[in-house]
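Numbering (the numbering used here), first residue to last: -16 to 12.
Step one of this worksheet: look at the structure below.
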């Protein structure tokens, strides 16, 4: 894997996590 592929994989993994976290914070309030 190239560095670019690693960064793309990280972004794909992180974006749904960040969105879910923000949604969770909204629901928690």
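Built from N, CA and C at the ideal position, the CB exists for glycine as well.
As the structure is a computational prediction, the values presented were derived from the model and not from experiment.
With respect to the alpha helix (DSSP H) encompassing residue 8, which residues constitute its N-terminal and C-terminal limits?
Where residue 8 is concerned, the enclosing alpha helix (DSSP H) stretches over -14 to 11.
Can we count residue 1 as close to the ligand SAH, meaning its CB is less than 6 Å from some heavy atom?
Among the ligands in the structure shown, none appear at all, so the ligand SAH cannot be discussed.
Can you give the Cα-Cα distance for residue -2 and residue 6, rounded to whole angstroms?
Going by the C-alpha atoms only, they are around 12 Å apart.
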